[in-house]
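Residue numbers (my numbering), protein chains in the order written: chain A, 317 to 659; chain B, 317 to 659.
Virtual Cβ for every residue (Gly too), placed ideally from N, Cα, C.
Here the structure is laid out as structure tokens; the discussion comes afterwards.
2 protein chains.
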Amino acid sequence: MPNKQRDNIDIVDVARLAGVSAATVSRAFNHPNLVKASTRKRIEKAVQESGYIRNRAAQAMYGKRSGTIGLIVPTINHAIFAEVIQSFTDEVETSGFTILIASHGYDLEKEYAVLRKLLEHRVDGIVLTGLDHSEATYQLISQQGIPAIAIWNYAEDSPISCVGAENRLAGRMAAEHLIDCGHREIGMISPPAKGNDRATDRLAGALAVFEENGVIIPDAWRSEATYSTSEAKSVCLELLSATPHPTALFCGNDVIALGAIFAAQKLGLRTPEDVSIIGIGDFYGSEDVEPSLTTIRIPARRIGKVGGDLICQLIADGSTEIVRHKIELNRVVRNSIKRIARA
Amino acid sequence: MPNKQRDNIDIVDVARLAGVSAATVSRAFNHPNLVKASTRKRIEKAVQESGYIRNRAAQAMYGKRSGTIGLIVPTINHAIFAEVIQSFTDEVETSGFTILIASHGYDLEKEYAVLRKLLEHRVDGIVLTGLDHSEATYQLISQQGIPAIAIWNYAEDSPISCVGAENRLAGRMAAEHLIDCGHREIGMISPPAKGNDRATDRLAGALAVFEENGVIIPDAWRSEATYSTSEAKSVCLELLSATPHPTALFCGNDVIALGAIFAAQKLGLRTPEDVSIIGIGDFYGSEDVEPSLTTIRIPARRIGKVGGDLICQLIADGSTEIVRHKIELNRVVRNSIKRIARA
DNA sequence: AATAGTAATGCAAATGTTTTCATTTTATCA
DNA sequence: TGATAAAATGAAAACATTTGCATTACTATT
Numbered sequence: 317m318p319n320k321q322r323d324n325i326d327i328v329d330v331a332r333l334a335g336v337s338a339a340t341v342s343r344a345f346n347h348p349n350l351v352k353a354s355t356r357k358r359i360e361k362a363v364q365e366s367g368y369i370r371n372r373a374a375q376a377m378y379g380k381r382s383g384t385i386g387l388i389v390p391t392i393n394h395a396i397f398a399e400v401i402q403s404f405t406d407e408v409e410t411s412g413f414t415i416l417i418a419s420h421g422y423d424l425e426k427e428y429a430v431l432r433k434l435l436e437h438r439v440d441g442i443v444l445t446g447l448d449h450s451e452a453t454y455q456l457i458s459q460q461g462i463p464a465i466a467i468w469n470y471a472e473d474s475p476i477s478c479v480g481a482e483n484r485l486a487g488r489m490a491a492e493h494l495i496d497c498g499h500r501e502i503g504m505i506s507p508p509a510k511g512n513d514r515a516t517d518r519l520a521g522a523l524a525v526f527e528e529n530g531v532i533i534p535d536a537w538r539s540e541a542t543y544s545t546s547e548a549k550s551v552c553l554e555l556l557s558a559t560p561h562p563t564a565l566f567c568g569n570d571v572i573a574l575g576a577i578f579a580a581q582k583l584g585l586r587t588p589e590d591v592s593i594i595g596i597g598d599f600y601g602s603e604d605v606e607p608s609l610t611t612i613r614i615p616a617r618r619i620g621k622v623g624g625d626l627i628c629q630l631i632a633d634g635s636t637e638i639v640r641h642k643i644e645l646n647r648v649v650r651n652s653i654k655r656i657a658r659a
Numbered sequence: 317m318p319n320k321q322r323d324n325i326d327i328v329d330v331a332r333l334a335g336v337s338a339a340t341v342s343r344a345f346n347h348p349n350l351v352k353a354s355t356r357k358r359i360e361k362a363v364q365e366s367g368y369i370r371n372r373a374a375q376a377m378y379g380k381r382s383g384t385i386g387l388i389v390p391t392i393n394h395a396i397f398a399e400v401i402q403s404f405t406d407e408v409e410t411s412g413f414t415i416l417i418a419s420h421g422y423d424l425e426k427e428y429a430v431l432r433k434l435l436e437h438r439v440d441g442i443v444l445t446g447l448d449h450s451e452a453t454y455q456l457i458s459q460q461g462i463p464a465i466a467i468w469n470y471a472e473d474s475p476i477s478c479v480g481a482e483n484r485l486a487g488r489m490a491a492e493h494l495i496d497c498g499h500r501e502i503g504m505i506s507p508p509a510k511g512n513d514r515a516t517d518r519l520a521g522a523l524a525v526f527e528e529n530g531v532i533i534p535d536a537w538r539s540e541a542t543y544s545t546s547e548a549k550s551v552c553l554e555l556l557s558a559t560p561h562p563t564a565l566f567c568g569n570d571v572i573a574l575g576a577i578f579a580a581q582k583l584g585l586r587t588p589e590d591v592s593i594i595g596i597g598d599f600y601g602s603e604d605v606e607p608s609l610t611t612i613r614i615p616a617r618r619i620g621k622v623g624g625d626l627i628c629q630l631i632a633d634g635s636t637e638i639v640r641h642k643i644e645l646n647r648v649v650r651n652s653i654k655r656i657a658r659a
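This is how it looks when you write it as structure tokens:
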């Protein structure tokens, strides 16, 4: 039942209190310059007294923007996503947006479902993570004609706007650094590829480099670990207890690399003297661990900021045009890799 | 201008397509049992064909729930918040809610502002972090009569519902463990107290224990570090380079404790032989670091789950009653504390 | 076959806001 | 002071949905 009882003060109440019409109150909020200063004062007072709060739902219904941006991430619970989410949020908040966040746990079916839900809320724009999405997801976005971008990954042929780095290149860069430093006995630990194009691309990039350099990775030295330091640690424990063990570990991301470092420490192996370790990401903490982690830096905060900026732009222009921003990667050389003299 | 052009399909279009009235379509969505199976089929078909997506804004406007819960956190960008946010989100999603998230960076004025914004979006419930909020914030919540809870902290006299642990007790437990293990030369590193009652309470709890046991902490051994491993590391580097240095470090949270461990490693001090370190939280990774971290476990996922459950409950009942859940703490003894034989 | 009862549907009002258009008030200039 | 322009305001329609009430279409019972 339309809550008849006077539980919520609406714009009409405020208008009555201020002795003006609802239209004027609305204008006082949205086009303050159109209403006389003295009236505005009266209205402000009425708003104060009544404790009135605008109803965005009603605004949205009229056809105005809802003032929200839908953000879909695989999971919030990873250092790295948290970092982008934060900088993204900060950026869009300056433009007055609030974010509606939803996660899908790497399940593309569920991603489609949450996208629909976000659309029901009439978000003004959509932000996805990565470029690996179901056909239905892409279709829905284009059919709705809503501004949308993908963050994290860059691809020159992406079907929607994107702001991110080339993960294939990230994989290449990490692998090249290992090769540059003279390593040829290399182990690899990556996250499962399913629903995670970032992981897939990095692995492919690295593998290509190894192949180009005639380095062969035995199956026994190739492992998977989900995005979890614990799991990575136990996987590496196994990998490193074998004899012989690799002299270097390529880790699909820094969280895994951290696990690798801890595993080595636990086994009494010195990093980098006994095992070299490289990661990808450069997360909070990668710099601080001992030894500090050599890694390929993906500037998460920058991605969040540029992404936030872009989506606000697209929304402002009501544009569904495709814009792509490539975010550059850096090789961050710290202390977890040993240089081996060429034989 | 009310977007006259046929850009979005509405319920009337669907109704026309299905050859029924809008009312019936609405009922097919909200009370499926009230509409004949065959009609429902026709409607579903029409929905499919037209690509119709319900408009929650309009629903919300009618007086129904918006289907969103507002979550306000100091920052998303901390392992520990990310963890609760995730489990909280998972929990409320099962009840069909989406979360609107906003952060304020430990600024209580800004918190008030974002609360207002969330209220503009007519969230069905509000979730705050901790119990330290401005008078205005509390007032606004009670004035709006909206279900609200605070997560993270527990207090038996909290002004709103809460689900969390007693931080004072957490501080006490960490301090007691240090004392139990025979430590008396203790250094403390805590986050700045401002706008962070969790930090304040933990510190107070620990200090009380030290005092009860006649342990005096020299000023030189009391430091602050924001929630950052880097900063904690550099603070600890300083603290531990002095001679004499403390035999044990009380860290306000695990992120700081991690920094402490790394600082010790960097200085060539062995943990726990040369310095013992205790944290509070038990975050992802605390178990994996070498040496694994002894800490007071705050069950983040449980807090998120119980909190999510509670707010859904309160919303369902339309209740603003105050409910409090105390989440128990555990002493998690690992390998970062040395037992000192009593002199 | 008529009637009563129930199930299924439609009509129209209501929700809170914004904006167009019309009207009134105020300011400016000769 | 009157005419004219500009500024400030109000009335009402529009936005997309939901539900109370009324109506119509079935089903079952006698």
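Asked	Found
Rounded C-alpha distance that separates A:Leu618 from A:Ile476	Strictly speaking, residue 618 of chain A in this sequence is Arg, with Leu absent from that position. Using only the alpha carbons, I get a separation of about 19 Å.
CB contact check: A:Arg392 to chain B, cutoff 9 Å	Note on identity: in this sequence residue 392 of chain A is Ile, with Arg being the wrong assignment. Yes, its Cβ sits closer than 9 Å to a Cβ of chain B.
Stretch pair the stretch 537-546 of chain A + the stretch 570-590 of chain A: three plus CB contacts closer than 8 Å	yes
Reference B:Gly503, options B:Leu553, B:Ile401 and B:Arg613, closest by Cα	B:Leu553
Segment contact, 8 Å Cβ cut-off, at least three pairs: the stretch 326-333 of chain B with the stretch 625-639 of chain A	no
For A:Ser506, the residue or residues it bridges with in DSSP	A:Glu540
Residues of the stretch 582-608 of chain A with Cβ closer than 7 Å to any Cβ of chain B, in chain order	Lys582, Tyr600, Gly601, Glu603, Asp604, Val605 and Glu606
Separation of B:Ser458 from A:Ala481, as counted between CA atoms	46 Å
Secondary structure of A:Ile596, DSSP reduced to three states	strand
Sub-9 Å separation of A:Val439 and A:Leu416 beta-carbons	yes
Residues that B:Gln459 contacts on chain A, provided the C-beta gap is smaller than 9 Å	Gly367
Any C-beta of chain B under 9 Å from that of A:Arg438	yes
C-beta neighbour in chain B for A:Val430, strict 9 Å	yes
Selection of the stretch 372-396 of chain B by Cβ proximity to chain A, strictly under 9 Å	Arg372, Ala373, Ala374, Gln375, Ala376, Met377, Tyr378, Gly379, Ser382, Gly383, Thr384, Gly386, Leu387, Thr391, Ile392, Asn393, His394 and Ala395
A:Ala490 and A:Ile612 closer than 9 Å at C-beta	yes
As assigned by DSSP and simplified to three states, the class of A:Cys628	helix
Proximal residues of chain B, C-beta to C-beta of A:Gly575 below 7 Å	Asp604
Assigned exposure category for A:Ala466 - 16 Cβ within 10 Å defines buried	buried
Neighbouring residues, chain B, relative to A:Ser546 (Cβ below 7 Å)	Glu603 and Asp604
Entirely enclosed beta strand (DSSP E) segments - the stretch 337-420 of chain B, minimum 3 residues	384-389 and 414-419
Rounded C-alpha distance that separates B:Arg538 from A:Asp633	53 Å
Beta-carbon spacing of A:Ser608, A:Ala579 below 9 Å	no
Cβ distance (whole Å) where A:Glu642 is taken to contact A:Glu407 below 8 Å	With the sequence shown as reference, residue 642 of chain A is identified as Lys, and Glu is not the correct amino acid for it. Not confirmed; about 18 Å, so no contact.
Segments of 3+ residues assigned as beta strand (DSSP E) that fall wholly inside the stretch 466-493 of chain B	477-481
Contact list for A:Ala418 against chain B, beta-carbon separation under 7 Å	Thr414
Given A:Ile388 as reference, the closest of A:Ser419, A:Glu589 and A:Ala524 once Cα atoms are compared	A:Ser419
Euclidean distance between Cα positions of A:Ala398 and A:Thr405	10 Å
Whole-number beta carbon distance between B:Ser592 and B:His736, since they are thought to touch under 8 Å	The displayed coordinates of chain B run from 317 to 659. Any statement about residue 736 of chain B would go beyond what the structure contains.
Closest residue to A:Ala524 among A:Lys426, A:Ala395, A:Leu645 and A:Asn483 (Cα-Cα distance)	A:Asn483
Per-residue contacts from B:Arg650 into chain A (C-beta, under 8 Å)	None at all; the shortest Cβ gap to chain A is about 13 Å.
Distance CB(A:Ala395)-CB(B:Ala395) smaller than 9 Å	yes
Proximity below 9 Å, CB of B:Gly568 to CB of B:Ile532	no
Min CB distance B:Phe526 to chain A below 9 Å	no
B:Glu451 versus B:Lys426: straight-line alpha-carbon distance, rounded	13 Å
Beta carbon proximity, B:Arg427 to chain A, threshold 9 Å	First, the amino acid is wrong: residue 427 of chain B is Glu here, not Arg. Chain A, which has no Cβ nearer than 9 Å to the Cβ of B:Glu427, makes this no.
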